[in-house]
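Note sheet for the following structure.
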Amino acid sequence: MGFSVGGLVSGIDTDSVISQLIELERQPITKLQAKQAAYEVKLTAYGSLQSALSTLRTAASALDSASDMNAYTGVSSDTDAFSASVFSTARSGAYNISVESLAQVHKVKSAAFGAHEAVGAGTFTLQLGEGTSVEITTNADDTLADVANLINEKQKDIQASVITDGDKVYLTLTGQSTGEANTIRLEVTAETPSDPEDTGDVTDETGLSRLLFVAGGDNNHLTETQAASDAILTVDGVEGIHRSTNTVGDVIKGVTLTLKGTTETGKTETLTVSRDTEAIASKVNAFVDAYNAVVDFFKDAQSYDSETEKAGSLLGDGTTNQIRRKLRNMVADMVPGAAEGLNRLSDLGIAMNKEGRLEVDSTVLNGTLKNNFSGVAAFFTTKSGENKGFGVRLVNALDGILNTNDGDLTVRTKGIQTSIDRIDEDIEKYETRVSNTETRLKTQFQNLETLLAQYQKTGDFLTQQIESWQNSNK
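First residue of the sequence shown: 119, per this note's numbering; consecutive thereafter.
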């Protein structure tokens, strides 16, 4: 009979045994990874909360200052004559306006030249109004097209173009700024004959002087096609108001007029400036939408589905609960110091439903804005003393929550990140321990295999000896 010892030599799967042992060793790592994943989900949720609260702060900040509430609109009785942009410094009122003329740029054109005719060599200066004077030099064989290119390259205040009519061409110059003072000035400072063989004098009819133009001068060779002119208007009986552009922002306080055309002679049009209650109502609705988005986030993040046994990412989170209560109380509570009858959001037609979301009664809101605008403004924007307006209080509260140094969200997310980092360190330690254990087990099983092999060899030797002894005694 043979002699054998059970073990690796007998076919035990040591790799499988080691794998199962290591799997047991890795169980703490698996638990740590699950815990870390939960923290990361929570960290992501806090990022979404921060985004929603930042949007709410932006909406609230549009309601926390008097300038934000001072929204005005301007309506023109003739938009073909003028339109208006109205700013917070404006005042309600009606203004009678007539536009006698619009501001225009200066335009001049040359006499006809041949398409390939040389203008002649020389130097001229070109200037618009009191702007920069630019010196331009032409060559003997330069055509009008060459001159136009030189002007456009060097003088940005004036646009040069070449108009073609059959075999004739014309140079046109257009100032780039409106106003009576912005006239074109082209003076020839030196010139030579266009034909080098011509030793005679250059005349106004043959040389570069054919482009001479000085407003009011006697020897001009360019023709004025459009005079430089100011805008002229009358506002509330004040006549002869001159401005160099058609954008007039210094006549009516807080109003910039854009002049588009002239009014009929002897007729005035009306600009009506009034509070833009629609713009303010829009800001209020934007705040309500942003607040409701935060409420919806809380509802989802703190939910629990009993059927699926699935919990929201922030269910039971203390910081989230605190923020939720703070915002809910601010929205529901009375604003200290506000006028009686206008000291809660509900007085403006903004009510909280059973789910905690805000709903706006537009009829009440618009009516309150129309009939008691100053009260609404005070409700939102009061900053003096201890009693702050609703918009001011909400912005301050959100700043405390969102502060990147020590705000509620910052402190909480830093704590979560610290926990994630600490788990990373723990996992690394466990991984090292598991790796060492795996190495040790492999070594032990290898040693066991060697030992069993030796036992097997000894057993085989003993078997041979016994068989030999039995045979010798027969």
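C-beta: ideal position from N, C-alpha, C; glycine also.
These numbers were taken from a predicted model, which means no experiment stands behind them.
For residue i, the first and last residue of its enclosing alpha helix (DSSP H)
i: residue 495; result: 491-499
i: residue 179; result: 145-179
i: residue 197; result: From DSSP, residue 197 is part of no alpha helix (DSSP H); its letter is neither H nor E.
i: residue 253; result: It is not in any alpha helix (DSSP H) - residue 253 instead sits in the beta strand (DSSP E) that spans 252-256.
i: residue 563; result: 526-590
i: residue 446; result: 436-450
i: residue 185; result: 184-187
i: residue 515; result: 508-520
Residue i versus residue j: straight-line alpha-carbon distance, rounded
i: residue 246; j: residue 302; result: 5 Å
i: residue 325; j: residue 237; result: 6 Å
i: residue 588; j: residue 555; result: 48 Å
i: residue 483; j: residue 459; result: 13 Å
i: residue 251; j: residue 258; result: 23 Å
i: residue 354; j: residue 382; result: 16 Å
i: residue 272; j: residue 266; result: 10 Å
i: residue 563; j: residue 135; result: 10 Å
i: residue 510; j: residue 169; result: 20 Å
i: residue 297; j: residue 481; result: 49 Å
i: residue 159; j: residue 417; result: 16 Å
i: residue 467; j: residue 494; result: 12 Å
i: residue 549; j: residue 139; result: 14 Å
i: residue 569; j: residue 531; result: 56 Å
i: residue 385; j: residue 366; result: 20 Å
i: residue 543; j: residue 463; result: 50 Å
i: residue 579; j: residue 586; result: 11 Å
i: residue 165; j: residue 503; result: 35 Å
i: residue 396; j: residue 156; result: 46 Å
i: residue 208; j: residue 492; result: 16 Å
i: residue 623; j: residue 490; result: Any property of residue 623 remains undetermined from this structure, which presents the chain solely from 119 to 592.
i: residue 538; j: residue 173; result: 28 Å
i: residue 560; j: residue 144; result: 16 Å
i: residue 162; j: residue 546; result: 23 Å
i: residue 255; j: residue 270; result: 13 Å
i: residue 419; j: residue 167; result: 9 Å
i: residue 437; j: residue 527; result: 8 Å
i: residue 430; j: residue 423; result: 9 Å
i: residue 197; j: residue 363; result: 18 Å
i: residue 193; j: residue 478; result: 28 Å
i: residue 260; j: residue 283; result: 19 Å
Nearest-angstrom Cβ-Cβ length linking residue i and residue j, presumed shorter than 8 Å
i: residue 500; j: residue 455; result: 7 Å
i: residue 291; j: residue 278; result: 6 Å
i: residue 217; j: residue 351; result: 5 Å
i: residue 215; j: residue 387; result: 6 Å
i: residue 487; j: residue 406; result: With a Cβ gap of about 15 Å, residue 487 and residue 406 do not count as contacting.
i: residue 541; j: residue 150; result: 5 Å
i: residue 461; j: residue 415; result: Not confirmed; about 28 Å, so no contact.
i: residue 242; j: residue 329; result: 7 Å
i: residue 199; j: residue 349; result: At roughly 12 Å, the Cβ-Cβ gap does not stay under 8 Å, so residue 199 and residue 349 are not in contact.
i: residue 262; j: residue 304; result: Their Cβ separation, rounded to whole angstroms, is 13 Å, which puts residue 262 and residue 304 out of contact at 8 Å.
i: residue 332; j: residue 211; result: Going by Cβ atoms, the distance from residue 332 to residue 211 rounds to 46 Å, so no, they are not a contact pair.
Close beta carbons around residue i, own chain, < 7 Å, minus the five adjacent residues each side
i: residue 171; result: 412, 516, 519 and 520
i: residue 512; result: 178 and 448
i: residue 153; result: 541
Residues of its chain near residue i, where Cβ-Cβ distance is below 6 Å and the 5 sequence neighbours each way are ignored
i: residue 576; result: none
i: residue 394; result: 189, 190 and 191
i: residue 275; result: 246, 249 and 294
i: residue 185; result: 206
i: residue 327; result: 306
i: residue 442; result: 416
Cut-off 8 Å between Cβ atoms - residues of its own chain near residue i, not counting five sequence neighbours on either side
i: residue 583; result: none
i: residue 280; result: 262, 263, 266, 287, 288, 289 and 290
i: residue 147; result: 545, 548, 549 and 552
Range of the contiguous beta strand (DSSP E) that encloses residue i
i: residue 214; result: 211-219
i: residue 396; result: Segment 395-419 is the alpha helix (DSSP H) holding residue 396; no beta strand (DSSP E) there.
i: residue 272; result: Residue 272 -> not in any beta strand (DSSP E); alpha helix (DSSP H) instead, spanning 262-272.
i: residue 469; result: 468-470
i: residue 344; result: 341-344
i: residue 278; result: 276-283
i: residue 225; result: 225-227
i: residue 477; result: 476-478
i: residue 245; result: 240-246
i: residue 293; result: 286-293
Would you call the stretch 366-383 and the stretch 197-214 in contact, with 3 or more CB pairs under 8 Å?
yes
Is the stretch 338-354 touching the stretch 225-236, taking contact as three or more C-beta pairs under 8 Å?
yes
With a cut-off of 8 Å, do at least 3 Cβ pairs link the stretch 161-181 to the stretch 395-408?
yes
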